[in-house]
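Visitor: Would you mind keeping the following structure in view while I ask a few things?
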Amino acid sequence: MAEGSLSFILNGQEVVVPVKAGTLLVDLIRDTLGFKGTKAGCREGECGSCTVLVNGVPVNSCLIPAMKVQGCQVVTIEGIGRKGELHPLQQAFIDEGAVQCGFCSPAMILTAKALLDQSPDPTEQEIRKALSGVLCRCTGYQKIIQAVLKASRMIREERGRSDQSHQGRKEEG
36 MAEGSLSFIL
46 NGQEVVVPVK
56 AGTLLVDLIR
66 DTLGFKGTKA
76 GCREGECGSC
86 TVLVNGVPVN
96 SCLIPAMKVQ
106 GCQVVTIEGI
116 GRKGELHPLQ
126 QAFIDEGAVQ
136 CGFCSPAMIL
146 TAKALLDQSP
156 DPTEQEIRKA
166 LSGVLCRCTG
176 YQKIIQAVLK
186 ASRMIREERG
196 RSDQSHQGRK
206 EEG
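Heads up: the sequence shown begins at 36 in my numbering, then just goes up one per residue.
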């Protein structure tokens, strides 16, 4: 198998790694780079457990040749927290009991993050539609939807506090 060099940004850090032709992104992330939060489920693009964000868009990493992310921004569940803190989505999933076995949770959270980045105040129907590509066998989805709604509120409140703080500094200066 031919080998090439792949360069991309993973969770905010530049990665340059040799990659064999035909290597799938899920295998590169899990096996070569050691980010085990990305799950290899069905390997057919049906379950969504392998979801990562590529340039902010949720994709099934089991369907994408690793070389396709050359020059891209890739985010896994390990890359969404800030300064040792959980991302509001991660915290909301814990608070709402939206994790059972946890296998689908990273993909659910990343998919929800992409939704909230585009639509900070989604409806329940928009959340259901966004998450429809990730299967969960344990929770029945209601707690997951509640967690996304809670995280949406948390993020909006955090942005509101940040905007007020920024506005106060502008008025002082």
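Don't be surprised by glycine CBs; every beta carbon is placed ideally from N, CA and C.
Rounded to whole angstroms, what's the CA-CA distance from residue 105 to residue 90? Just pull it up for me.
Guide: 11 Å
Visitor: With which residues is residue 68 paired in a DSSP beta bridge?
Guide: Note: residue 68 sits in no beta bridge, so no partner.
Visitor: Taking all protein chains shown into account, decide if residue 132 is buried (16 or more other Cβ within 10 angstroms of its Cβ) or exposed.
Guide: That one is exposed.
Visitor: For residue 65 and residue 194, I'd like the C-alpha separation in whole angstroms.
Guide: 33 Å
Visitor: Round the Cβ separation of residue 101 and residue 45 to the nearest angstrom and send it over; I've been treating them as touching at under 8 Å.
Guide: Going by Cβ atoms, the distance from residue 101 to residue 45 rounds to 11 Å, so no, they are not a contact pair.
Visitor: Look at residue 84 and residue 169 and say whether their C-beta atoms are less than 9 Å apart.
Guide: Yes.
Visitor: Leaving out the 5 sequence neighbours to the left and right, which residues in its chain are closer than 7 Å to residue 67 when beta-carbon positions are compared?
Guide: 52
Visitor: Determine contact between the segment 153 to 167 and the segment 115 to 125, defined as no fewer than three beta-carbon pairs at a distance below 8 Å.
Guide: Flag = no, the segment 153 to 167 and the segment 115 to 125 do not touch.
Visitor: If contacts are defined as beta-carbon pairs under 8 Å, then residue 180 and residue 163 qualify, I think. What distance do you get, rounded to the angstrom?
Guide: Between the beta-carbon of residue 180 and that of residue 163 there is about 7 Å, and that keeps the pair under the 8 Å contact cut.
Visitor: In whole angstroms, give me the CA-to-CA distance for residue 167 and residue 147.
Guide: 11 Å
Visitor: What does the alpha-carbon distance come out to for the pair residue 129 and residue 198?
Guide: Roughly 27 Å between the two C-alpha positions.
Visitor: Compute the Euclidean distance between the alpha carbons of residue 144 and residue 111, then round it to the nearest angstrom.
Guide: 10 Å
Visitor: Can we count residue 41 as close to the ligand ZN, meaning its CB is less than 8 Å from some heavy atom?
Guide: As for the ligand ZN, it is missing from this structure, which has no ligand bound.
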